[in-house]
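The numbering used here applies: residue 17 is where the sequence shown begins, and numbers increase by one.
The beta carbon of each residue, even a glycine, is placed where N, CA and C say it ideally should be.
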Amino acid sequence: MLDGNSPTGVAVHEVLAAVLQVRGGQLQVLLWQRAFAPDAGRWALPGGRLGDTEDVQDSVLRQLAEKVDVREVAHIEQLATFSAPARTPGARTVATAFVGLVPCDADPMLPADTAWHPVSSVVGEHGEGCPHTAFDHGTIVLRARVRLRAKLSYTNVGFALAPAEFTVSTLRRLYAAALGHRVSATNLQRVLARRGVLQPTGGTVASGPSGGRPGALYRFAERGIRVTDPFAVFRPPGAPGSEAVDREAVDADAADTDGPGNAANGLAPS
């Protein structure tokens, strides 16, 4: 929300960014705490007024860099326009919202009033925005999560959450955090390999505390978004239309560094 200094009857145009990153095994969103009314003390998405000479994407990238010092955005795309007349008090404000993705190994230096929050703490159990978020920003975060989960199903957008090189186990954890359900490393590798998304680097990393073979390192074949399977939907294990987890997947995930508790993980593209 910006100040209300606009001519009567002329809407203010702002840009907002729901910046998502997997941190600590959870999908998190970047928020800053408002110091002044309206909604003082509540947490808001970064953004600001669209400049007279800017397009909306240039504006949101500039404001992320200048206001919250986030420059490591691996992918950003326009999410939706929010234009309800009463979405903010004061002058009518129309928001063009974006979803941005930051790789899990990036750790930007944030201002004191800015912090990462688990998306589950921002979006209520039934999809409503929680009271500690400003204006309609909880709704925007929910829409961003829905968009990310859909894009993980039918594009290669996982590249924007992952480091440059990773093991399949690491990638599994990233997908599980973003999708909100357990994922089979074996099935994930099979699906992404079939789509031509992953490339082996030839490198390995040492096995975890449980021992086993060194983990092979992979990279995404492209670090730009591409539709890989336009009709795919990743479903949690046991959901209607999902495939049963095969024995190979169970055995492989039981040996994962996360431990045998993940042996029942599944990933089923419909």
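In the structure shown, what three-state DSSP assignment does R251 receive? The residue given as residue 251 occupies position 235 in the sequence shown. Collapsing the DSSP output to three states places R251 in a strand.
Are the Cβ atoms of V138 and L47 separated by less than 9 Å? In the sequence shown, counting from the first residue as 1, residue 138 sits at position 122. In the sequence shown, counting from the first residue as 1, residue 47 sits at position 31. It is a contact, given that the beta carbons lie within the stated cut-off.
Among residues of its own chain, excluding the 5 on either side of L66, which ones have a beta-carbon nearer than 8 Å to its beta-carbon? Stepping through the sequence shown from its first residue, residue 66 is reached at position 50. By the criterion of a C-beta distance shorter than 8 Å, L66 is surrounded in its chain by H29, E30, V31, V72, S75, T112, once the five residues flanking it on both sides are discounted.
Just grab the DSSP bridge partners of R234 for me. As a working note, residue 234 is residue 218 in the sequence shown. It is Tyr, not Arg, that sits at residue 234 in the sequence shown. In DSSP, Y234 forms a bridge with F182, P216.
Suppose you measure from the CA of L61 to the CA of A34; what does that come to, to the nearest Å? The count along the sequence shown starts at 1 and reaches residue 61 at position 45. The count along the sequence shown starts at 1 and reaches residue 34 at position 18. If you draw a straight line from the Cα of L61 to the Cα of A34, it is about 6 Å long.
Minimum C-alpha distance to R78 - residue among F114, D245, T155: Along the sequence shown, read from residue 1 onward, the residue named residue 78 stands at position 62. For R78, the closest of F114, D245, T155 by C-alpha to C-alpha distance is F114.
Q94 to R229, Cα distance in whole Å? In the sequence shown, residue 94 corresponds to position 78, counting from 1. In the sequence shown, residue 229 corresponds to position 213, counting from 1. So the two alpha carbons sit approximately 42 Å from each other.
Distance, Cα to Cα, E259 vs D245? Residue mapping note: residue 259 aligns to position 243 of the sequence shown, counting from 1. Residue mapping note: residue 245 aligns to position 229 of the sequence shown, counting from 1. The predicted position of E259 is uncertain, since its pLDDT is 40 and thus under 50; a value taken from the coordinates is nonetheless stated next. Approximately 17 Å, taken between the alpha carbons.
Starting from I92, follow the beta strand (DSSP E) in both directions and report where the run begins and ends. Taking the sequence shown and counting its residues from 1, one reaches residue 92 at position 76. Going by DSSP, I92 is part of the beta strand (DSSP E) stretching over 91-98.
P124 beta carbon less than 9 Å from that of V84: Translated into the one-based positions of the sequence shown, residue 84 becomes position 68. Translated into the one-based positions of the sequence shown, residue 124 becomes position 108. Yes, these two residues count as a Cβ contact at 9 Å.
Within its chain, find whatever has a CB closer than 7 Å to the CB of G9; leave out the 5 residues flanking it on each side and keep chain order. As displayed, the chain neither begins before 17 nor continues past 286, which places residue 9 out of reach and without an answer.
For A122, does the three-state DSSP call read helix, strand or coil? Numbered from 1 along the sequence shown, position 106 holds the residue referred to as residue 122. Looking at A122 - three-state DSSP - the assignment turns out to be coil, as it is neither helix nor strand.
Endpoints, alpha helix (DSSP H) assigned at H29: Counting from one through the sequence shown, the residue named residue 29 turns up at place 13. Where H29 is concerned, there is no enclosing alpha helix (DSSP H), although the beta strand (DSSP E) around it starts and stops at 28-39.
Distance between I92 and V173 (C-alpha atoms, nearest Å): Taking the first residue of the sequence shown as position 1, residue 173 is located at position 157. Taking the first residue of the sequence shown as position 1, residue 92 is located at position 76. The straight-line gap from Cα to Cα measures roughly 10 Å.
Which listed residue (V86, S226, P134, F98) has its alpha carbon closest to that of P127: Numbered from 1 along the sequence shown, position 111 holds the residue referred to as residue 127. Here the closest residue by C-alpha is V86.
Please tell me whether T109 and A160 are closer than 9 Å, where the distance is taken between their beta carbons. Translated into the one-based positions of the sequence shown, residue 109 becomes position 93. Translated into the one-based positions of the sequence shown, residue 160 becomes position 144. It is not a contact, given that the beta carbons lie outside the stated cut-off.
Label D272 either buried or exposed according to how many other C-beta atoms from any shown protein chain fall within 10 Å of its C-beta, with 16 as the threshold for buried. Taking the first residue of the sequence shown as 1, we reach residue 272 at position 256. Residue placement at D272 is poorly supported in this model, since its pLDDT is 46, which falls under 50; the coordinates still yield a value, given next. Burial call: buried.
Straight-line Cα distance separating D121 from L177: Working through the sequence shown from its first residue, we reach residue 177 at position 161. Working through the sequence shown from its first residue, we reach residue 121 at position 105. When only Cα atoms are considered, L177 and D121 end up about 9 Å apart.
Should P253 be labelled buried (16 or more other beta-carbon atoms within 10 Å of its own) or exposed? For this step, residue 253 is matched to residue 237 along the sequence shown. Under the 10 Å beta carbon count, P253 is surrounded by 16 or more other beta carbons and is classified as buried.
Span of the beta strand (DSSP E) around T244: Position 228 of the sequence shown holds residue 244. Counting along the chain, T244 falls outside any beta strand (DSSP E), and DSSP gives it neither H nor E.
Please identify the residue among E82, G106, A102, V45 whose C-alpha is closest to the C-alpha of P54. Position 38 of the sequence shown, counted from the start, is the residue given in the question as residue 54. Closest option to P54, Cα to Cα, is G106.
Which residue comes first and which comes last in the beta strand (DSSP E) that contains G154? Locating residue 154 in the sequence shown gives position 138, counting from the first residue. No beta strand (DSSP E) contains G154, which is instead part of the alpha helix (DSSP H) from 153-170.
With H, G and I counted as helix, E and B as strand and the rest as coil, what does DSSP make of L187? Against the sequence shown, residue 187 aligns to sequence position 171. The three-state reading of DSSP puts L187 in helix, counting H, G and I together.
CA-CA distance, R211 and G219? Translated into the one-based positions of the sequence shown, residue 211 becomes position 195. Translated into the one-based positions of the sequence shown, residue 219 becomes position 203. C-alpha separation (whole angstroms): 22 Å.
Are the beta-carbon atoms belonging to L187 and Q205 less than 9 Å from one another? Locating residue 187 in the sequence shown gives position 171, counting from the first residue. Locating residue 205 in the sequence shown gives position 189, counting from the first residue. Yes. Within cutoff.
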